[in-house]
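Residue numbers (our numbering): 6 to 84. From the three backbone atoms N, C-alpha and C, an ideal C-beta is built for every residue, glycine too.
Here it is in structure tokens:
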């Protein structure tokens, strides 16, 4: 995931060459890369308005939709 800030950047900046350079800079070694697609993505999140309706309860992953940033998931916040 490469940060992209639409108010100050254009998606046209992110050519295959530019993205390859970003990745190689992060990896810090020469590797063969093959980029299949480049698309912008907007991070968003949703949380259920209700967690109970009659005899039905929502819990855990069924109650929310969060982006994968950080890779930890919401389960790490529930002890």
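Can you tell me whether residue i is helix, strand or coil according to DSSP?
i: residue 52; result: strand
i: residue 41; result: coil
i: residue 70; result: strand
i: residue 84; result: Reliability fails at residue 84, whose pLDDT of 40 lies under 50, so the model's placement of it is uncertain and the value that follows must be treated cautiously. If DSSP states are grouped into helix, strand and coil, residue 84 belongs with coil.
i: residue 13; result: coil
Hey, residue i and residue j: beta-carbon distance below 8 Å or not?
i: residue 40; j: residue 14; result: no
i: residue 31; j: residue 52; result: no
i: residue 72; j: residue 48; result: yes
i: residue 70; j: residue 50; result: yes
i: residue 27; j: residue 38; result: no
Can you check which of these residues, the options, is closest to residue i by C-alpha distance?
i: residue 8; options: 63, 33, 36, 44; result: 44
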